[in-house]
Each structure stands twice: as structure tokens, then as C-alpha cells.
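Student:
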Amino acid sequence: PEVEGAADLDYFRAESRWTANALQAMFDEVDTRLGDFIDELKVSNNASSALKKYNETAEAVKDSPCVTTSEEFRTAQDTIESVIATCVDAVPQEDKNKFRSLINESINKTREIDNSFRQNSIVCTSLRLPSPSCKATEKKLLADIDEVMSCSEVDTFNYHIAVTTENAKDSINACVENGTKDLIIKLEAALKSLENCQSRT
Numbered sequence: 671p672e673v674e675g676a677a678d679l680d681y682f683r684a685e686s687r688w689t690a691n692a693l694q695a696m697f698d699e700v701d702t703r704l705g706d707f708i709d710e711l712k713v714s715n716n717a718s719s720a721l722k723k724y725n726e727t728a729e730a731v732k733d734s735p736c737v738t739t740s741e742e743f744r745t746a747q748d749t750i751e752s753v754i755a756t757c758v759d760a761v762p763q764e765d766k767n768k769f770r771s772l773i774n775e776s777i778n779k780t781r782e783i784d785n786s787f788r789q790n791s792i793v794c795t796s797l798r799l800p801s802p803s804c805k806a807t808e809k810k811l812l813a814d815i816d817e818v819m820s821c822s823e824v825d826t827f828n829y830h831i832a833v834t835t836e837n838a839k840d841s842i843n844a845c846v847e848n849g850t851k852d853l854i855i856k857l858e859a860a861l862k863s864l865e866n867c868q869s870r871t
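Under the working numbering, the first residue of the sequence shown carries the number 671, and numbering increases by one thereafter.
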């Protein structure tokens, strides 16, 4: 999702457009990192590990009387992914909203500087011989646009990306652990039953 007034505006200067695009990309980085984390979580959570272990054992003894039903956990992975989706939807949005406000503030600043570029150009091109102040104003505005994405500002944005992402991960992990604990207990009990049966045959 684009932050308010991002890259679709008709910017007067290429520098302004680049800055707005860069700000949007920094905001999008949160969703990119969380998307990668969620994809990994679907196969690397404790419930999926327990399911994999159960399925491997069930497959190894499939021709014995130990496996009473192969359908018992057929939809378990769907259940796990449904829990993950619910947990993702339940992530508190305070951190992301705070970061969005910060990015919006910088985009508004970029828009203001770009409007100043436009006004300076209109005034200066109307003069037969642009005054030294025209070039001085342009130089100051270029410095202002650079400041929007200065090293210290980028460090601040990266900090918010890290905090927003890590807090969301912690929330999702805790929620998934709680939401799959009953399934894990059932899987571990079924696995133990298979192993006990296998040891007797």
C-alpha cells in the first residue's frame, strides 16, 4: 500500500520524485520482510515440524496395523496456515502507523520543497537575466531535498523498519505458538502411539 501522496504525484524535479520513491520503498520494506518471514514460518513452525515427523513415521509403518487412519491429520497444514493468517491479521498496528506518519511527514516535506523548486523556476525564467539569488535558492533547495534522505534520516527510518518488523514477528510467533499448541499435543501423542506400536511389531 502506498503511503499518502507518495510517488504518483507530478513532481517538478527528478530529485523530488526520486526522494518520494525512496521513501515509499522504505515503507514497503516492512511488508517485504514480514512477507518473507511468514512464508518461512509456514514450514518452519513447531506444529509443522511435529506434523512432518508424524507423517514420516506414519509413512514408514503404513503397511502395518499401527496406522489406523491416514486421514487424521490430512488438513493439519491447512489448519496451521489458517492460524498463521489469523495471527498476521491480529498484529498490533501502532508501530507501523507511527512509521507511516514519519514517512508521510518526509513526503510532505518533499512536496513542499518541490513546490518551492517550481516557484523559483517560474520567477527566475520570467527574468531576462536570472539573478544570483535564483541560483542560490536552487542550491539551498537541492540541499534541503538531500536532507530528507540524509544518513541520519535513513538511520531513523531503518530503526523504525527493524522495530516494526521485529515486534510484528514476536506478536505472530507468540500467537501461532498459542494457536497450534493443541494440535502439537495431538500430533505428539499420535506419534508416540505409532512409535510404541512399531516397537511391538
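C-beta: ideal position from N, C-alpha, C; glycine also.
Considering only residues of the same chain and omitting the five flanking positions on each side of R687, which have a CB-CB separation below 6 angstroms?
Tutor: Locating residue 687 in the sequence shown gives position 17, counting from the first residue. Excluding sequence neighbours, R687 sits near Y681.
Student: Need the endpoints of the alpha helix (DSSP H) that T689 sits in, please.
Tutor: Taking the first residue of the sequence shown as position 1, residue 689 is located at position 19. Its alpha helix (DSSP H) spans residues 684-714.
Student: Provide the residue span of the alpha helix (DSSP H) that contains L864, from first to last.
Tutor: As a working note, residue 864 is residue 194 in the sequence shown. From DSSP, the alpha helix (DSSP H) with L864 extends over 821-870.
Student: Can you tell me which of L711, S718, M696 puts its alpha carbon nearest to the alpha carbon of I944?
Tutor: Residue 944 is absent from the structure shown; the chain starts at 671 and stops at 871.
Student: Are at least three pairs of beta-carbons, each pair with one atom in the region 808-824 and one in the region 840-858, less than 8 angstroms apart?
Tutor: The region 808-824, when compared against the region 840-858, does not touch it at the 8 angstroms Cβ threshold.
Student: Quick check on the DSSP output: the alpha helix (DSSP H) that includes P762 runs from which residue to which?
Tutor: Working through the sequence shown from its first residue, we reach residue 762 at position 92. Element bounds for P762: n/a, residue is neither H nor E.
Student: Using the three-state DSSP reduction, which class does F769 fall into: helix, strand or coil?
Tutor: Translated into positions along the sequence shown, residue 769 becomes position 99. Three-state DSSP puts F769 in a helix.
Student: My assumption, with CB atoms under 8 angstroms, is that T826 sits in contact with V700. Please give the rounded CB distance.
Tutor: Sequence index remark: in the sequence shown, residue 826 carries index 156 (1-based). Sequence index remark: in the sequence shown, residue 700 carries index 30 (1-based). No, T826 and V700 are not in contact; Cβ-Cβ is about 14 angstroms, not under 8 angstroms.
Student: N767: which of E710, K712, V833, K862 sits nearest, CA to CA?
Tutor: Reading the sequence shown from its first residue, position 97 is the one you call residue 767. That would be V833, whose Cα lies nearest to the Cα of N767.
Student: Less than 7 angstroms between C-beta atoms, sequence neighbours within five positions excluded: which residues of the same chain meet that for L704?
Tutor: What you label residue 704 is simply residue 34 of the sequence shown in a count that begins at 1. If we look at L704 and ignore the five residues flanking it on each side, its Cβ neighbours are T835, A838.
Student: Kindly confirm or deny that the region 712-727 and the region 739-754 touch, where touching means at least three C-beta pairs closer than 8 angstroms.
Tutor: The region 712-727, when compared against the region 739-754, does touch it at the 8 angstroms Cβ threshold.
Student: Could you work out which residue in T727, T807, K779, F697 is closest to F769 when comparing CA atoms only?
Tutor: The sequence position of residue 769 within the sequence shown is 99, counting from 1. Closest option to F769, Cα to Cα, is F697.
Student: Measuring alpha carbon to alpha carbon, tell me which of L861, K856, N843 ends up nearest V753.
Tutor: One-based indexing of the sequence shown puts residue 753 at position 83. Out of L861, K856, N843, N843 has the C-alpha closest to the C-alpha of V753.
Student: Alpha helix (DSSP H) containing V731: first to last residue?
Tutor: The residue you call residue 731 lines up with position 61 of the sequence shown. Run containing V731: none; DSSP gives neither H nor E here.
Student: The alpha helix (DSSP H) that contains S803, what's its start and end?
Tutor: On the sequence shown, position 133 is the one that residue 803 refers to. Looking at the DSSP string, the run of the alpha helix (DSSP H) that includes S803 is 802-818.
Student: Using the Cα positions of K856 and S863, report the straight-line distance between them to the nearest angstrom.
Tutor: Numbered from its first residue, the sequence shown carries residue 856 at position 186. Numbered from its first residue, the sequence shown carries residue 863 at position 193. Distance between the alpha carbons of K856 and S863: 11 angstroms.
Student: Closest Cβ-Cβ distance between T702 and chain B: below 9 angstroms?
Tutor: Although the question refers to chain B, the structure presented lacks it and comprises just one protein chain.
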